[in-house]
Amino acid sequence: MAGAGIHPYHQQWPPVQAPPPPQAAASAAAQPPPPVHHPPPPAPSHDEVRTIFISGLPEDVKERELQNLLRWLPGYEASQVNYKGEKPLGFALFSNARFAVAAKDALQEMVFDAESKSLLHIEMAKKNLFVKRGIVTDSDAYDQSKRLRTGGNYSHSPYSTPPPFHPPAPVWGPHGYMAPTPPPPPYDPYGCYPVPPVPIPAPAPVPAPSSYVPVQNTKDNPPCNTLFIGNLGENINEEELRGLFSAQPGFKQMKILRQERHTVCFIEFEDVSTATSVHHNLQGAVIPSSGSVGMRIQYSKNPFGKRKDSGHLVASPSANGPPPALTYQ
DNA sequence: AGCACA
Numbered sequence: 001m002a003g004a005g006i007h008p009y010h011q012q013w014p015p016v017q018a019p020p021p022p023q024a025a026a027s028a029a030a031q032p033p034p035p036v037h038h039p040p041p042p043a044p045s046h047d048e049v050r051t052i053f054i055s056g057l058p059e060d061v062k063e064r065e066l067q068n069l070l071r072w073l074p075g076y077e078a079s080q081v082n083y084k085g086e087k088p089l090g091f092a093l094f095s096n097a098r099f100a101v102a103a104k105d106a107l108q109e110m111v112f113d114a115e116s117k118s119l120l121h122i123e124m125a126k127k128n129l130f131v132k133r134g135i136v137t138d139s140d141a142y143d144q145s146k147r148l149r150t151g152g153n154y155s156h157s158p159y160s161t162p163p164p165f166h167p168p169a170p171v172w173g174p175h176g177y178m179a180p181t182p183p184p185p186p187y188d189p190y191g192c193y194p195v196p197p198v199p200i201p202a203p204a205p206v207p208a209p210s211s212y213v214p215v216q217n218t219k220d221n222p223p224c225n226t227l228f229i230g231n232l233g234e235n236i237n238e239e240e241l242r243g244l245f246s247a248q249p250g251f252k253q254m255k256i257l258r259q260e261r262h263t264v265c266f267i268e269f270e271d272v273s274t275a276t277s278v279h280h281n282l283q284g285a286v287i288p289s290s291g292s293v294g295m296r297i298q299y300s301k302n303p304f305g306k307r308k309d310s311g312h313l314v315a316s317p318s319a320n321g322p323p324p325a326l327t328y329q
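Heads up: the first sequence begins at 1 in the numbering used here, then just goes up one per residue.
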C-alpha cells in the first residue's frame with residue numbers, strides 16, 4: 001500500500017512548490033492535466049485472460065528489452081521471456097483484457113529488431129502470466145513518471161537523445177492508461193512529455209541510473225522522510241550511490257552501511273513528499289556498480305530524527321512521565 | 001531480505 005493517501009506527484013522541471021489542484025474537473029480542454037497520480041483500478045478481480053503471447057523475438061532478446069518496449073502500452077503490468085524452448089517466447093500481462101487486446105494489435109507484426117529482421121507475432125495467451133515475485137506491485141505500471149524515464153542506456157546524458165524508437169502509437173493517451181471517456185487528442189509521440197519550456201536549469205553531471213529493473217516491494221513501512229535502500233549488489237560504489245541520491249530534490253543526508261553480504265543505505269529527505277517521490281522515481285534503479293540488480297527502496301523503519309523507542313519508555317502507560325509522543329505523520 | 005544514527 002505504498003503511498004496511499006499521498007500525492008506522489010513527480011517533480012516538474014519548473015519546480016513549482018504549489019501543490020497540484022485537487023481536481024480539474026471542468027476544463028479538460030486547455031491545459032494538460034496536473035501530474036496527479038490517478039488511482040489505478042483496483043486489482044483485477046476477474047480471471048479473464050489478459051496476457052499476450054509474443055513470438056518472433058530475436059534469440060538474444062533480453063527481458064529488459066521487451067519490458068522497455070511494452071511498458072509504453074497502457075495497462076502494462078508485467079512481462080517475462082521464456083528461454084526454455086528453441087525460440088524465446090514472451091508473455092505480457094495487462095491490467096485487463098481490453099488492454100491486452102489493444103497491445104496485441106499494436107504490436108502485431110511489429111519489427112522488433114531491424115537488425116535481425118524479427119517480426120513479432122502476437123496472440124492472446126492461453127492463460128495469464130503468473131507474476132512470480134519480482135514485479136513492482138504498486139501502481140507504477142500506470143505511472144507516467146515511469147514512462148518518462150526512458151533513461152536506459154542511450155547515453156550518459158538523459159537529456160541529449162530521444163528514444164531511438166517510437167512507442168507504438170495507436171493505443172495510448174497522454175496518461176498511458178486512459179479512462180475510456182474523453183476522445184484522445186491527436187497522437188503526438190512526444191507532445192505529452194512535460195518538456196521544460198526553458199533549458200533545464202539542472203546540473204550537468206546528473207548521475208542518472210543506467211536503467212531500471214522491476215523489484216518486489218510488497219512489504220514497506222509507513223511513509224516517512226527517510227528511505228532505506230537495499231538490494232544494492234555486492235560491489236556497490238559509494239560515490240556513485242551518493243552521487244545519485246544527493247542530486248535528488250529534498251536530499252538531506254545519507255548513511256551507507258556496509259554489512260557482510262548486503263550493503264544498505266539510509267537517506268534522509270526534507271520531508272515525506274520528497275522522500276516519496278524518490279521512492280517512486282528510483283525504485284528499481286540500476287547504477288553501474290550495482291551490476292544488473294535494481295535497488296529496492298523502502299521507507300525506513302526508523303526515520304532520521306526519530307529515536308527508536310528506548311526500552312524503558314515502552315509499554316508503560318502508567319509511568320509518571322508523559323507518554324512517548326510517537327506520532328506517525 | 002539486509003534497518004543505523006541521533
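In this text, a Cβ means the ideal position worked out from N, Cα and C, and glycines have one as well.
When we look at the beta-carbon of residue i and count the other beta-carbons within 10 Å, is it buried (16 or more) or exposed?
i, result
"Q253", "exposed"
"F53", "buried"
"Q283", "buried"
"L93", "buried"
"A114", "exposed"
"K132", "exposed"
"N235", "exposed"
"V111", "exposed"
"H280", "buried"
"R258", "exposed"
"Y83", "exposed"
"A285", "buried"
"A141", "With a pLDDT of 43 at A141, under the threshold of 50, the modelled position of this residue cannot be trusted; read the value that follows with caution. Flag for A141 reads buried."
Measure the C-alpha to C-alpha separation of residue i and residue j and round it to an integer number of angstroms.
i, j, result
"E59", "D271", "47 angstroms"
"R296", "V215", "6 angstroms"
"C224", "L73", "32 angstroms"
"L69", "G243", "28 angstroms"
"K301", "N221", "6 angstroms"
"E63", "R307", "43 angstroms"
"G75", "A102", "10 angstroms"
"H121", "Y212", "26 angstroms"
"Q108", "A100", "12 angstroms"
"G305", "E86", "56 angstroms"
"G233", "R50", "34 angstroms"
"G230", "L241", "12 angstroms"
"S290", "I256", "14 angstroms"
"F228", "F269", "11 angstroms"
"N128", "Q80", "12 angstroms"
"Y299", "F130", "28 angstroms"
"S277", "E239", "22 angstroms"
"L66", "P88", "11 angstroms"
"A106", "V61", "19 angstroms"
"R261", "K104", "43 angstroms"
Kindly indicate which residue of the options has the alpha-carbon position closest to the one of residue i.
i, options, result
"A97", "I287, G250, Y83, E77", "E77"
"G90", "D105, L241, M124", "M124"
"E48", "H280, F112, E86, K126", "K126"
"P249", "V264, A275, M110", "A275"
"I287", "N281, S79, N128, S210", "S210"
"A247", "G294, I267, E260, Q259", "I267"
"C265", "N281, K84, N237", "N237"
"T263", "V293, F251, S273", "V293"
"S273", "R261, E260, F251", "F251"
"F245", "D105, P207, A106", "P207"
"S95", "R71, Y83, K84", "R71"
Are the CB atoms of residue j and residue i within a distance shorter than 7 angstroms?
i, j, result
"G56", "S116", "no"
"T218", "P303", "no"
Please give me, in chain order, every unbroken run of the alpha helix (DSSP H) with length at least 4 that falls completely inside the segment 271-302. 272-281
Whole alpha helix (DSSP H) elements within the segment 64-118, 4-residue minimum: Taken in chain order, the complete alpha helix (DSSP H) segments of 4 or more residues contained in the segment 64-118 are 97-107.
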